[in-house]
Amino acid sequence: MKLIGPFRQIVTMDGLPLRGALSDGQLEIIPNGGILVAERKIVAIGNFEELRRSYNPSEIDRLNTAYVAFPGLIDAHTHLCWAGSRADDYALRLSGKSYLEIAAQSGGIWDTVQKTRNIPDKELILLVAERANALLKQGVTTIEVKSGYGLLVEQELRLLDIIRKADNETSAELISTCLAAHIVPKDFIGTEEKYLETVLKQLLPEVKYQRLSNRIDIFVDEGAFSVLAAKEYLRKAKAMGFEVLLHGDQFSTGAAQLAIEVGARSIDHLEAANDDEIQILAKGNVIPVALPGASLGLGEPFAPARKLLDAGASLAIASDWNPGSAPMGNLLVEAAILGVKEKLSMAETWAALTFRAAAALNLADRGILAKGNLADIAAFKTDNFKEILYQQGELKPEKVWKNGYRVI
Ligand SMILES: [Zn+2]
């Protein structure tokens, strides 16, 4: 057994509801805390000296200066598996062209698809691992990674396999999601329904057989897939045993009702969600995921995070790190900015980066520092947890543990 500490403050994120508004006063903070770890998990958490006396651990990771511990952060929505850059698109947007106009020309997702299809596997594995390591340095210990820049059966399988291989090259844990329904590929002849049928018949059985992912995602919006086609696709994928989620309400409305109807795990984006949709989401079990990095990358409004929480919905915040709309890849900066713009309490922002993000990935063993959970810990060099969001992402964790092992 190993004892880690003493931490000036351990913010456990324990005992908080999955949904609704939170105040900072609800946070459980253990002063002079210790975390006892064995076999990847937390055995006990509490006062450092008391834990040391009662367990007499064989090993102590002793901290000689003030640190604040949070659960390792969880980024529930990324597209790390890409090659190339979309700096040219970004410049065009700054010159007045819209995201949809650029996509309709030769830029957009299709441009990244070409570059991703053509890069050697080895190089792409390295790129994914490098990006995962960059997030790990920000304290992110679990990262969802989507395919979606392959858009052919064999290419999507290749990308999911690359994500699996990259998982071995980083200390962060990668959770893969099949996003073959990112857009209708330009080299596919036929309708959106036909493409989705191909994915259902040819790709998803193989994804299942090779155990590449148990989650599927679809981009429902103008320029991507219609609500009608998505409904059929999500229902069928669910019947095959996949957990389903969607990119929805980024530019147009209509996806929130769909998410509820098909029993989606999460609906991600929501920048365009209206009050009716907020009410719909407040009543269902779908986790809304705000992606402030995409709002910052596109110069678009933020998701209505405050309204969602006040209505009683849950809220996760993820980076959406991708080359087109969210190139920053700095989850803590993005969350801090969303927090100040949307007037989120610090407790709400931390919940959205920890246990509420874990719920978006259906992971019950992390996001809270508590007995039995994975010992995933981000430690910031400060004596007051409020410094972290106050410094808006500039204060990075100095030490990070994944499964009880120091990885940063
Ligand atoms: Zn996305």
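By numbering that gives the first Met the number 0, the letter at position 60 of the sequence shown is numbered 59, and the numbering carries on one by one without gaps. Just so it is clear, CB atoms sit at the ideal spot from N, CA and C, and this is done for glycine as well.
Worksheet item: Short check: CB of residue 359 to CB of residue 264, under 9 Å?
Response: Looking up residue 359 in the sequence shown gives position 360. Looking up residue 264 in the sequence shown gives position 265. Closer than 9 Å, so yes.
Worksheet item: Given that a residue counts as buried once 16 or more other Cβ atoms are within 10 Å of its Cβ, and exposed if not, what is residue 149?
Response: As a working note, residue 149 is residue 150 in the sequence shown. Per the 10 Å Cβ criterion, buried.
Discussion item. Considering Cα atoms alone, identify which of 7, 229, 324 is closest to residue 97.
Written reply: Indexing the sequence shown from 1 puts residue 97 at position 98. For the residues 7, 229, 324, the minimum Cα distance to residue 97 belongs to 324.
Fill in: Rounded straight-line distance, which links the Cα of residue 219 to that of residue 261
Taking the first residue of the sequence shown as 1, we reach residue 261 at position 262. Taking the first residue of the sequence shown as 1, we reach residue 219 at position 220. Computed Cα separation, rounded: 13 Å.
Fill in: Check whether residue 407 and residue 398 have beta carbons under 9 Å apart
Here residue 407 is taken as the residue at index 408 of the sequence shown, counted from 1. Here residue 398 is taken as the residue at index 399 of the sequence shown, counted from 1. The answer is yes: Cβ separation under 9 Å.
Discussion item. I need the straight-line Cα distance from residue 187 to residue 303, nearest angstrom please.
Written reply: By one-based count along the sequence shown, residue 187 stands at place 188. By one-based count along the sequence shown, residue 303 stands at place 304. Distance between the alpha carbons of residue 187 and residue 303: 36 Å.
Worksheet item: Cα separation between residue 230 and residue 287?
Response: Residue 230 sits at position 231 when you count from the first residue of the sequence shown. Residue 287 sits at position 288 when you count from the first residue of the sequence shown. One C-alpha to the other measures close to 18 Å.
Item to complete: Report yes or no: do three or more beta-carbon pairs, one from the segment 195-210 and one from the segment 233-247, lie closer than 8 Å?
Response: yes
Worksheet item: Under a Cβ-count criterion, where at least 16 other Cβ atoms within 10 Å of its own Cβ denotes burial, should residue 104 be classed as buried or exposed?
Response: Within the sequence shown, residue 104 is the residue found at index 105, counting from 1. Flag for residue 104 reads exposed.
Item to complete: Please classify residue 322: does DSSP put it in a helix, a strand, or coil?
Response: Against the sequence shown, residue 322 aligns to sequence position 323. The answer is coil: DSSP assigns residue 322 none of H, G, I, E or B.
Item to complete: Please name the residue, chosen from 84, 36, 18, 367, that lies closest to residue 51 on a Cα-to-Cα basis.
Response: Here residue 51 corresponds to residue number 52 of the sequence shown, with the count starting at 1. For residue 51, the nearest C-alpha among the options comes from 36.
Discussion item. Would you say the beta carbon of residue 321 is closer than 8 Å to some non-hydrogen atom of ligand 1?
Written reply: Taking the first residue of the sequence shown as 1, we reach residue 321 at position 322. Placement of the Cβ of residue 321 at a distance of less than 8 Å from at least one heavy atom of ligand 1 is found.
Fill in: alpha helix (DSSP H) segment containing residue 27, residue limits
The residue labelled residue 27 in the question sits at position 28 within the sequence shown. It is not in any alpha helix (DSSP H) - residue 27 carries neither H nor E in the DSSP assignment.
Discussion item. Does the beta-carbon of residue 88, which I'm using as the reference point, lie nearer than 8 Å to any heavy atom of ligand 1?
Written reply: Indexing the sequence shown from 1 puts residue 88 at position 89. Because no heavy atom of ligand 1 lies under 8 Å away, the Cβ of residue 88 does not count as near it: no.
Worksheet item: How many angstroms separate the CA atom of residue 106 from the CA atom of residue 88?
Response: Position 107 of the sequence shown holds residue 106. Position 89 of the sequence shown holds residue 88. Per the coordinates, the alpha-carbon of residue 106 lies some 6 Å from the alpha-carbon of residue 88.
Discussion item. Tell me which residues share the same chain as residue 127 and place their Cβ nearer than 6 Å to its Cβ, disregarding the 5 neighbours each side in the sequence.
Written reply: In the sequence shown, the residue the question calls residue 127 occupies position 128. Once the five neighbours on either side are set aside, the close Cβ partners of residue 127 are 79, 80, 165.
Discussion item. Strictly by DSSP, which residues pair up with residue 487?
Written reply: The requested residue 487 does not occur in the structure, where the chain is confined to residues 0 to 407.
Fill in: Reduced DSSP category for residue 386 - H, G, I as helix; E, B as strand; rest coil
Within the sequence shown, the letter at position 387 stands for residue 386. Correct three-state label for residue 386: helix.
Worksheet item: So what does residue 176 bridge to, in DSSP terms?
Response: If you number the sequence shown from 1, residue 176 lands on position 177. 145, per the DSSP bridge assignment.
Worksheet entry | DSSP-derived helix/strand/coil call for residue 400 | Mapped onto the sequence shown, residue 400 falls at position 401. Here residue 400 sits in strand by DSSP.
Worksheet entry | DSSP-derived helix/strand/coil call for residue 338 | For the purposes of this step, residue 338 is taken as residue 339 along the sequence shown, with counting starting at 1. Here residue 338 sits in helix by DSSP.
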